[in-house]
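If you read the sequence shown in my numbering, its first letter stands for residue 178, the second for the next number, and so on.
Glycine included, C-beta positions come from ideal geometry on N, C-alpha and C.
Notes to accompany the following structure.
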Amino acid sequence: MTISVGQSVKAHYNSGIYIGKVVEDRGERYLVEVLAVHKHPQQGDLHHPLESEGVLFHQRRALAFREKMNVPKNAVHSYEEEIPDFQESLRKAVDKLKEKLLKIENADFRNRALKEIGDLEKSYFK
178 MTISVGQSVK AHYNSGIYIG KVVEDRGERY LVEVLAVHKH PQQGDLHHPL ESEGVLFHQR
238 RALAFREKMN VPKNAVHSYE EEIPDFQESL RKAVDKLKEK LLKIENADFR NRALKEIGDL
298 EKSYFK
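Have a look at this one:
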């Protein structure tokens, strides 16, 4: 399926998934403007999932409203639904991530990731 400039898309970027519009075709990639968050980025070390000791534990922010991302074309898919409100979508994505984290058995990782997402919430929802 061909994606065109101006089209609504869902795009996987780093460990998050965003809804936005294509603003430029850059050959192997699309430049996509973020309009909503579908899945919040994972916290921690992506190369050592669910580990908190002896790894570089990253706090990963969601991309901001209207921020641009340069996404490989194979990670961009057409999005036909109504684009949700950015703040509401971010809230849902954060809540969904927290629910997922609460089910993790590794208490050290779970607590560290929940702390990081809690810190992010303070800046997202002032």
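| query | With DSSP run on the structure shown, which of helix, strand or coil describes residue 233? | reply | It is coil, neither helix nor strand.
| request: Could you check which residue in 280, 262, 244 and 282 has the C-alpha nearest to that of residue 199? | output: Among 280, 262, 244 and 282, the Cα nearest to that of residue 199 belongs to 244.
| message | I'd like to check one pair, residue 191 with residue 218: are the Cβ atoms closer than 7 Å? | response | Yes, Cβ-Cβ distance for residue 218 and residue 191 is below 7 Å.
| So which of 189, 294, 291 and 207 has the shortest CA-CA distance to residue 183? | Looking at the Cα atoms, 207 is the closest of the given residues.
| Where residue 301 falls: helix, strand or coil (DSSP) | Looking at residue 301 - three-state DSSP - the assignment turns out to be helix.
| field | Between the CA atoms of residue 267 and residue 214 - distance to the nearest angstrom | value | Taking the straight line from one Cα to the other gives about 5 Å.
| message | Tell me the residue span of the beta strand (DSSP E) that contains residue 250. | response | Taken as a continuous stretch (DSSP letters only), residue 250 belongs to no beta strand (DSSP E), as it is neither H nor E.
| In the structure shown, what three-state DSSP assignment does residue 211 receive? | Three-state DSSP puts residue 211 in a strand.
| Straight-line gap, residue 272 to residue 291 (C-alpha atoms, nearest Å) | Cα to Cα, the separation comes out at about 11 Å.
| said: residue 234 and residue 289 - do their beta-carbons sit closer together than 7 Å? | reply: The answer is yes: Cβ separation under 7 Å.
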